[in-house]
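>
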Amino acid sequence: MTNSFNQEQESQQLFNDLLVLSRLSSEKVKALGDRLEQHSGFLSVERLALAAFPESEEAGAVERLVLGLNPSAIQPVIEMVEQWRNSNERAKGLMTDERFGFLREKLPLLVRRSPAVTRTRKASALQTVTGNEIMGVMFVCDARPVYNENRDDIDGYVPLATMKILYQRQNADSEEIEFVMTPEEIDLLIERAQQARAKIQVLNRKLGAWLPNGTAGGQS
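Residue 668 in our numbering is what sits at position 129 of the sequence shown, and the numbering runs on without skipping anything.
1) For S684, collect the residues of the same chain with a Cβ closer than 6 Å to its Cβ; drop the 5 residues on either side in sequence, then sort them by chain order.
2) Distance check for E597 and S543, CA to CA, integer angstroms please.
3) So, with DSSP's three-state summary, where would you put L705?
4) DSSP has A682 in a bridge; who is on the other side?
5) Helix, strand or coil: which one does DSSP assign to M619?
6) Using 10 angstroms around the beta-carbon of S565, count the other beta-carbons present and answer buried if the total reaches 16, otherwise exposed.
7) Inspect the beta-carbon positions of T657 and F678 and report whether they are closer than 9 Å.
8) Out of curiosity, what's the CA-to-CA distance linking R562 and E585?
9) Starting from S595, follow the alpha helix (DSSP H) in both directions and report where the run begins and ends.
10) Report yes if the CB atom of A655 is closer than 9 Å to the CB atom of H578, and no otherwise.
11) Would you kindly work out how many angstroms separate the C-alpha atoms of E715 and E644, rounded to a whole number?
12) Three or more beta-carbon pairs under 8 Å between the stretch 632-644 and the stretch 614-624, yes or no?
13) Roughly how many angstroms lie between the CA atoms of I613 and L558, to the nearest whole one?
14) When the Cα atoms are used, what is the spatial distance from R731 to I725?
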């Protein structure tokens, strides 16, 4: 049941993204496709998409199409959209004959063979293949009262922070985990995070000299 639901969601998202693409400027789509095709090394598809299409809905649709489709998938996708239009009146009302013509023109302009995009896909897969992916972090701070022996007054308080981490498992399910932290534990977390950042900077500096433009950290 869950897999069927996810597949239906993905299909609807793809149709929505293709509908957005059909409305975009052909010149801008081609310019972005040219840049993606000619780029060497790693790149940030998100940054390039936002630079070309500042509206978040448009940039998100373009990014998903670039990273989710290969040139070999263009014709099957076009045929699938045509089947949707013929079997679903609502879909045909949204993806009109004119829009469908625009889509057939623009999809090959955007989705091309690009070694940089291929590298970026591999890097994204490596980032999540061995663990869960963090989707968001939030801290909720409060104070817990310390009552006197008779429990009719407050002698003091204990400041605490609850760290909530939203993450996505490898099966695409989202989950949340919470940790209650004292100020000292927050300081330790910050210290360890700064140490990790320093190590990453060393890796970038050392490996960057060996592999120029070889970082998968989001270059554009």
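Just so it is clear, CB atoms sit at the ideal spot from N, CA and C, and this is done for glycine as well.
Walking through what the data contain:
1) The count along the sequence shown starts at 1 and reaches residue 684 at position 145. The sequence shown places Pro at residue 684, rather than the Ser named in the question. I693, Y696, listed in sequence order.
2) Locating residue 543 in the sequence shown gives position 4, where the first residue counts as 1. Locating residue 597 in the sequence shown gives position 58, where the first residue counts as 1. Because the pLDDT of S543 is 47, which lies under 50, any placement of that residue in the model is unreliable, and the number read from its coordinates should be weighed accordingly. When rounded, the distance between both Cα atoms is 27 Å.
3) Locating residue 705 in the sequence shown gives position 166, counting from the first residue. Strand at L705.
4) In the sequence shown, residue 682 corresponds to position 143, counting from 1. Looking at the DSSP assignment, A682 forms a beta bridge with P698.
5) What you label residue 619 is simply residue 80 of the sequence shown in a count that begins at 1. M619 falls in the helix class under three-state DSSP.
6) Taking the first residue of the sequence shown as position 1, residue 565 is located at position 26. Label assigned to S565: exposed.
7) By 1-based counting over the sequence shown, the position of residue 657 is 118. By 1-based counting over the sequence shown, the position of residue 678 is 139. No. Outside cutoff.
8) Mapped onto the sequence shown, residue 562 falls at position 23. Mapped onto the sequence shown, residue 585 falls at position 46. Between the alpha carbons of R562 and E585 lies a gap of roughly 19 Å.
9) Against the sequence shown, residue 595 aligns to sequence position 56. Run containing S595: 595-607, per the alpha helix (DSSP H) assignment.
10) For this step, residue 655 is matched to residue 116 along the sequence shown. For this step, residue 578 is matched to residue 39 along the sequence shown. Result yes, Cβ atoms of A655 and H578 sit closer than 9 Å.
11) In the sequence shown, the residue the question calls residue 715 occupies position 176. In the sequence shown, the residue the question calls residue 644 occupies position 105. Approximately 43 Å between the Cα atoms of the pair.
12) With three or more CB-CB distances shorter than 8 Å, the stretch 632-644 counts as touching the stretch 614-624.
13) Taking the sequence shown and counting its residues from 1, the one referred to as residue 613 is at position 74. Taking the sequence shown and counting its residues from 1, the one referred to as residue 558 is at position 19. Each residue's alpha carbon lies about 14 Å from the other.
14) In the sequence shown, counting from the first residue as 1, residue 731 sits at position 192. In the sequence shown, counting from the first residue as 1, residue 725 sits at position 186. R731 and I725: Cα-Cα distance of roughly 10 Å.
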